[in-house]
Amino acid sequence: MPPPRSAADDRPPRARPPRPRGVPSPRAGSPLPAAPPSAAGDRARPAPGDVTPSRRGKPPERGPGARRRPERADRADHSDRSDRSGRSDAVQPLRPVPPAESAPHVEPAPPSAPAPAVETAPPAETVQPVQSAPAAERWTDAVPPEPTDAARNPTGGSTPRGGPESSGGPGPTGGPAPHHAAGLDHGVLKSLLGAWALAACSAQETAAVEAHLTDCAPCAGEALRLRDAVALLHPEDNLDLDPRLRSRVLEGALGRRPARIPIPEWAEPFDAETARLDAPLRDMADAEWRAPVRLRWFEGEREHTRTATVAEVISHLMAVDGLLAGQLGLSDPLAALADEPGAPQLAALANPASRTEAYWSSGIAPEGRLVHGPWREQTHALMRGASFADATAAEREVRGVRLPLRDAFLDRAFECWTHAVDIADAVDYPHPAPEGAHLRQLIGLAARTLPHVLADRRRAGLAAQPRRLSVAGAPGRTLHLEVEGSGGGDWYIALDSPTAEAGPEGAVAHVAMDGVEFCQLVAGHVSPLDAAAGAEGDPQAIRDVLFATASMSRL
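With the working numbering applied, the sequence shown closes on residue 596, and no number is skipped along the way.
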């Protein structure tokens, strides 16, 4: 009669590891070989010096049918006490799986070594619950040879102990395997996909992510989508063309076929700036022509502002450009005012500000986008007139601006750029600075004009009196103006007299600033006290020059 089954016998049988080669399986109906007795409460561990199966070597030969599980020496005693006490959590003996009746009977081979004698536990001793050992310890004779590190991990990393690979059991199923080469699991590697798509990972993280993408299809698809999204991330492009593009195209075209009537060098900045302003005006909507534009200039010792629409700013440019048109024999846009009763004569409208006010208040100025065509036609006519003008006409002074025609064209180019920036700020449209060669001409005009402006302010009591009188052509005190950036250079401003010779030997002060910032100071868009990036020397001379530069601005 078979002995009664304990609670341990009701547990499902564990999957046994594969059998080493050369060891036949026991036939059905043959009992398992008896386990060698062991000390009570101890696992079947080999004594020091015994031959134990190595994880990387081949298990020792025990002969056919040598697979057996270690049993406790007090197995029967434990079973009896468990049955008597009725405790289900006591350690129960492990019985072999009932053999199939249909399998042939094979006698197991005797063990290769005699079993050592083991003392039996005292009957009265209380049995403590013993936890089951890991699979690698319960089935020590059935551990297959483990692959080498190179075969297990081709990426060169170290495989952590205690995982599925070291225990010989199956790994986790149903999810991506952890990337042991980099020591990162699937969740960490998935969180790095965004940084990997932006090329923001370190070299080690990049290698780990790319190795993981070869084994994980969901992450590979996500990485592909992120890379496509990164391609759409780019800064906003400027819709304006490079300001130097037009000059380069014209230079290349004229190099192949020179113009019969070339444009004078002093008129090139005006031609370029009017063309750059014309580009955004073509695409403006009707509402943008009515957008308010804030005009700023410096007069006396303080800043002045005024608001006008985009159309009114273009009308202002037309009215002041009419001074150059009259010098070249072209039609003046204010000529129609002569026929109006009570209107001032053109001779009285020599000041740019008075011409603007008269043109705005007359009602003859086109409104909205209608002003664009007449303004562009006038600029083309001015360029044709400048190209046909002779050398004497270029040196002739223009009424109302007190400048020769060549400098008056530079002055109009500067104002066209200044108001183009004002319009761009009003409609939120970028407008870069002129190219370096043109910017240098504009800065040079301001530097040549500064000594005369200083003299006018000195006569008005707005600047300090000269410390000594200088003879015309004799060297005197100067200020070294250093302009940085595109179109920059060095200029020496005469402080005591406009006719004195200016040179580095008489410099008593030094002012350095960026080229675009200097032009903003000339236009009255920057305060004189905040303009200089660096200044040293006579503080009074520095202050007089900065305020004189700002006072060159006008409406």
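Ideal Cβ positions, reconstructed from N, Cα and C, are used throughout, including at glycine.
Just so it is clear, the structure is predicted and the values come from calculations on it, not from any experiment.
Go ahead and pull the three-state DSSP assignment for residue 524.
strand
If you pair each beta-carbon of the segment 473-486 with each one of the segment 337-348, do three or more pairs fall below 8 Å?
With a cut-off of 8 Å, the segment 337-348 and the segment 473-486 do not count as touching, because too few Cβ pairs lie within range.
Would residue 3 pass as a contact of residue 498 if the rule is Cβ separation under 9 Å?
A question about residue 3 goes unanswered here, because the residues of the chain that appear run from 42 up to 596.
Measuring alpha carbon to alpha carbon, tell me which residue in 304, 409, 237 is nearest residue 331.
Here the closest residue by C-alpha is 409.
Please report how far the alpha carbon of residue 429 lies from the alpha carbon of residue 422, in whole angstroms.
11 Å
Taking the alpha carbon of residue 266 as the reference point, which residue from 509, 234, 373, 253 has its own alpha carbon closest?
234
Can you look up residue 427 in the DSSP assignment and give me helix, strand or coil?
helix
Is DSSP giving residue 225 helix, strand or coil here?
Residue 225 sits in a strand when the DSSP states are folded into three classes.
For residue 359, the three-state DSSP class (helix, strand or coil)
helix
Checking the sheet assignment: what are the DSSP bridge partners for residue 337?
In DSSP, residue 337 forms a bridge with 346.
Whole angstroms are fine: how far does the CA of residue 485 sit from the CA of residue 570?
22 Å
Is it the case that the Cβ atoms of residue 315 and residue 417 are separated by a distance below 9 Å?
yes
Own chain, CB closer than 6 Å to residue 523, minus 5 neighbours either side, in chain order:
531, 553
Assign residue 290 to buried or exposed, taking buried as 16 or more other Cβ atoms, counted over all protein chains shown, within 10 Å of its Cβ.
exposed
Alpha carbon to alpha carbon, how far is residue 577 from residue 333? Give it in angstroms, no decimals.
40 Å
From the DSSP output, in three-state form, read off residue 591 for me.
helix
Is the segment 533-544 touching the segment 431-440, taking contact as three or more C-beta pairs under 8 Å?
no
Unbroken beta strand (DSSP E) run spanning residue 535, endpoints
530-535
For the segment 346-365 against the segment 396-403, do three or more pairs of beta-carbon atoms, one drawn from each stretch, fall closer than 8 Å, so that the two count as touching?
yes
Over the uninterrupted beta strand (DSSP E) stretch that includes residue 578, give me the two end residues.
575-578
Under 9 Å between C-beta atoms of residue 483 and residue 451:
yes
Across the segment 441-450 and the segment 550-564, are there enough close Cβ pairs to call them in contact, namely three or more that are closer than 8 Å?
no
Judging by CA-CA distance, which residue of 353, 336, 308 is the nearest neighbour of residue 329?
353
Beta-carbon within less than 6 Å of residue 238's beta-carbon, same chain only, minus the 5 sequence neighbours each way: which residues are those?
For residue 238, where only same-chain residues beyond five positions count, the Cβ hits under 6 Å are 267, 268, 271.
Does DSSP put residue 519 in a helix, in a strand, or in coil?
strand
Straight-line Cα distance separating residue 412 from residue 501:
39 Å
Taking the alpha carbon of residue 424 as the reference point, which residue from 306, 472, 487 has its own alpha carbon closest?
For the set 306, 472, 487, the Cα lying nearest the Cα of residue 424 is the one of 306.
Inspect the beta-carbon positions of residue 575 and residue 556 and report whether they are closer than 9 Å.
no
For residue 458, which three-state DSSP category applies?
If DSSP states are grouped into helix, strand and coil, residue 458 belongs with the helices.
Could you work out which residue in 586, 529, 441, 303 is closest to residue 496 when comparing CA atoms only?
Per the C-alpha coordinates, the member of 586, 529, 441, 303 positioned closest to residue 496 is 586.
Curious, which full-length alpha helix (DSSP H) runs of at least 4 residues does the segment 228-254 contain?
234-238, 244-254
Counting along the chain, where does the beta strand (DSSP E) carrying residue 551 start and finish?
548-555
In this structure, how does DSSP classify residue 408 when only helix, strand and coil are distinguished?
coil
To which residues does DSSP link residue 438 through a beta bridge?
Paired residue(s): 445.
What's the gap between the Cα of residue 249 and the Cα of residue 230?
8 Å
Report the rounded CA-to-CA distance for residue 493 versus residue 293, giving the unit in angstroms.
39 Å
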